[in-house]
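Visitor: Start counting the sequence shown at 1; every next residue gets the next number (full-length UniProt numbering). Virtual Cβ for every residue (Gly too), placed ideally from N, Cα, C.
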Amino acid sequence: MQTLYAYSLSEDKQVKDFQKALFKSVEEVSEMYIWTLNLLDEVAEYVVLDAESRAAKFLPTEKDKILTTKLNTNTFIESLRQNREYLELVKKYKVSWEFDPEIVRSIFAQLKDSEAYLEYLSGDDRSIGGEKDIIKYIFKKIILKTVEIEQVFEEKFINWSVDKEVLQAMVAKTFKNFSSENPSQNKLADLTPSWDEDSEFIEELLKTTIRYTPEYQQLISDKTKNWEADRIALMDTLLMRMAISELINFPSIPVKVTINEYIELSKSFSTLKSNTFINGILDKILADLTKQGRIRKVGRGLKD
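1. Pick helix, strand or coil for Ala-21, following the three-state DSSP scheme.
2. How close, in whole Å, do the beta carbons of Phe-139 and Phe-76 come, if the pair is a contact with beta carbons under 8 angstroms?
3. In terms of residue numbering, what span does the alpha helix (DSSP H) encompassing residue 354 cover?
4. Where are the alpha helix (DSSP H) runs, 4 residues long or more, that stay fully inside the region 95–129, in chain order?
5. Within 8 angstroms of any Cβ in chain C, is that where the Cβ of Thr-75 sits?
6. According to DSSP, is Arg-296 part of a helix, a strand, or is it coil?
7. Confirm, please, whether the CB-CB distance from Ile-210 to Met-240 is below 8 angstroms.
8. With a 10 Å radius around its C-beta and 16 neighbouring C-beta atoms as the bar for buried, classify Asp-273 as buried or exposed.
9. Of the choices Lys-173, Glu-228, Val-47, whose alpha-carbon is the least far from that of residue 313?
10. Since residue 386 contacts Val-47 with CB under 8 angstroms, what's their CB separation in whole angstroms?
11. Which same chain residues, not among the five before or five after Thr-213, have their C-beta less than 7 angstroms away from its C-beta?
12. What residue range is occupied by the uninterrupted alpha helix (DSSP H) comprising Ser-221?
13. Using the beta-carbon count (16 or more within 10 Å), is Ala-287 buried or exposed?
14. Do you know how far the Cα of Thr-69 is from the Cα of Ile-34?
15. Going by other Cβ atoms of all chains shown within 10 Å of its Cβ, with 16 needed for buried, is Glu-246 buried or exposed?
16. Mind reading off the beta-carbon distance from Glu-200 to Ser-127? Whole number of angstroms is fine, and I expect it under 8 angstroms.
17. When you compare the region 24–33 with the region 148–163, are there three or more beta-carbon pairs, one atom per stretch, that lie closer than 8 angstroms?
18. Could you check if residue 328 is buried or exposed, using at least 16 other CB atoms within 10 Å of its CB as the buried criterion?
19. Are Ile-143 and Asn-74 touching if we call contact CB-CB under 8 angstroms?
20. So Leu-238 and Ser-8 are supposed to be a Cβ contact under 8 angstroms. How far apart are they, rounded?
21. Quick one: is Thr-276 buried, meaning 16 or more other Cβ sit within 10 Å of its Cβ, or exposed?
22. Can you give me the C-alpha to C-alpha distance between Tyr-5 and Leu-234, rounded to a whole angstrom?
23. My guess is that Ile-202 and Leu-22 are in contact by the Cβ rule of under 8 angstroms, so how many angstroms apart are they, rounded?
24. Give the range of the alpha helix (DSSP H) segment to which residue 305 is assigned.
25. According to DSSP, simplified to helix, strand and coil, what is Asn-159?
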């Protein structure tokens, strides 16, 4: 959707350029994921520096004695550090939080005063299942809740606000995947269960929506004759073109799924009344396409 929006506003109509940009934006989600895992890794490592500064005190407090370096040897973190794919991707994306060391310090500053952290330090369970809870706490209660951290991600990843939900799902899947005490059996989360199939879908949806723009726009125009063209939001038009492309060209996607997906997208990215408008227009277009025999879905229930 975002790529088609950029294409519509650009004088450059080289589809390959936009296709390349589209896949780059998809890969950014994976990159964001690795940066996030590495941030958790860095926070765990930071406790060593914190402990060194506390050890240098002439009169350490009782709390200084409690704040050990246990987090640096957290079983989940240790398993992550031994994960070959993680290490390779850190290198590939050149991940390093040294450009803003204050981020790691600020996370630990919030962590060390939390009840959850003190409970973790006093606990005896070093199994990966028991050790994951504090890492989940750092991610959910600190990283995702701290404005300054969000600003850093927003500056680094242009689609952060949209991709954050996918990131959360990937990190949650990672916590689920890392369940073995044997690090070699723990796997990172995949962006999609079947990238070959999904990448083909992404590419084809972009190409077909662009290729048949005149035809699909005519279908929309025929059903919006009582609307002035400049009153119809460009985003609404793009969403309807994409939906029509799915209805006609993707036989394995159920009709209901297509309609519902684009209505939901309109709620997030278009005007307040767009979802009702898009739903009404697509229903009329769907009825015509069905009569013409152009909706060819494979499998039971896909036409409903």
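Guide: Straight from the coordinates:
1. Along the sequence shown, read from residue 1 onward, the residue named residue 21 stands at position 21. It is helical.
2. As a first step, residue 139 is located in the sequence shown; it is residue number 139 there, counting from the start. As a first step, residue 76 is located in the sequence shown; it is residue number 76 there, counting from the start. Approximately 11 angstroms separates the beta-carbon atoms of Phe-139 and Phe-76; this is outside 8 angstroms, ruling out the contact.
3. Because the chain is modelled from 1 through 304, residue 354 falls outside the range shown and cannot be assessed.
4. Runs of the alpha helix (DSSP H) lying entirely within the region 95–129 and spanning at least 4 residues, in chain order: 102–112, 115–122.
5. This model lacks chain C altogether; it includes just one protein chain.
6. One-based indexing of the sequence shown puts residue 296 at position 296. In the structure shown, Arg-296 falls within a coil segment according to DSSP collapsed to helix, strand and coil.
7. Residue 240 sits at position 240 when you count from the first residue of the sequence shown. Residue 210 sits at position 210 when you count from the first residue of the sequence shown. In this structure, Ile-210 does not lie closer than 8 angstroms to Met-240 by Cβ.
8. Within the sequence shown, the letter at position 273 stands for residue 273. According to the sequence displayed, residue 273 carries Lys and not Asp. Classification for Lys-273: exposed.
9. Any answer about residue 313 is impossible in this case: the structure gives the chain only from 1 up to 304.
10. The shown model of the chain, from 1 to 304, leaves out residue 386, and the question about it has no answer.
11. Position 213 of the sequence shown, counting from 1, holds the residue named residue 213. Cβ neighbours of Thr-213 within its own chain (closer than 7 angstroms, five residues either side excluded): Arg-241.
12. Indexing the sequence shown from 1 puts residue 221 at position 221. If you look at Ser-221, you'll find it in the alpha helix (DSSP H) that goes 213–222.
13. Counting from one through the sequence shown, the residue named residue 287 turns up at place 287. Its Cβ having fewer than 16 others within 10 Å, Ala-287 is exposed.
14. To locate residue 34, count along the sequence shown from 1; it is residue 34. To locate residue 69, count along the sequence shown from 1; it is residue 69. Each residue's alpha carbon lies about 24 angstroms from the other.
15. Counting from one through the sequence shown, the residue named residue 246 turns up at place 246. It is buried - the Cβ of Glu-246 has at least 16 other Cβ atoms within 10 Å.
16. One-based indexing of the sequence shown puts residue 200 at position 200. One-based indexing of the sequence shown puts residue 127 at position 127. By a beta-carbon distance limit of 8 angstroms, Glu-200 does not contact Ser-127. Their separation comes to about 41 angstroms.
17. Contact annotation: the region 24–33 touches the region 148–163, with at least three C-beta pairs closer than 8 angstroms.
18. Given a span of 1 to 304 for the chain in the structure shown, any question on residue 328 remains unanswerable.
19. Your numbering for residue 143 matches position 143 in the sequence shown. Your numbering for residue 74 matches position 74 in the sequence shown. For Ile-143 and Asn-74, no; Cβs fall outside 8 angstroms.
20. By 1-based counting over the sequence shown, the position of residue 238 is 238. By 1-based counting over the sequence shown, the position of residue 8 is 8. In this structure Leu-238 touches Ser-8 by the C-beta definition: roughly 7 angstroms separates them, less than 8 angstroms.
21. Numbered from its first residue, the sequence shown carries residue 276 at position 276. Answer is exposed; the Cβ neighbour count stays below 16.
22. Along the sequence shown, read from residue 1 onward, the residue named residue 5 stands at position 5. Along the sequence shown, read from residue 1 onward, the residue named residue 234 stands at position 234. A direct Cα-Cα distance of roughly 8 angstroms separates Tyr-5 from Leu-234.
23. Counted from its first residue, the sequence shown places residue 202 at position 202. Counted from its first residue, the sequence shown places residue 22 at position 22. Right, their Cβ atoms sit about 7 angstroms apart.
24. As shown, the chain starts at 1 and ends at 304. That puts residue 305 outside it, with no answer to give.
25. For the purposes of this step, residue 159 is taken as the residue at position 159 of the sequence shown. Secondary structure at Asn-159: coil, using DSSP grouped into helix, strand and coil.
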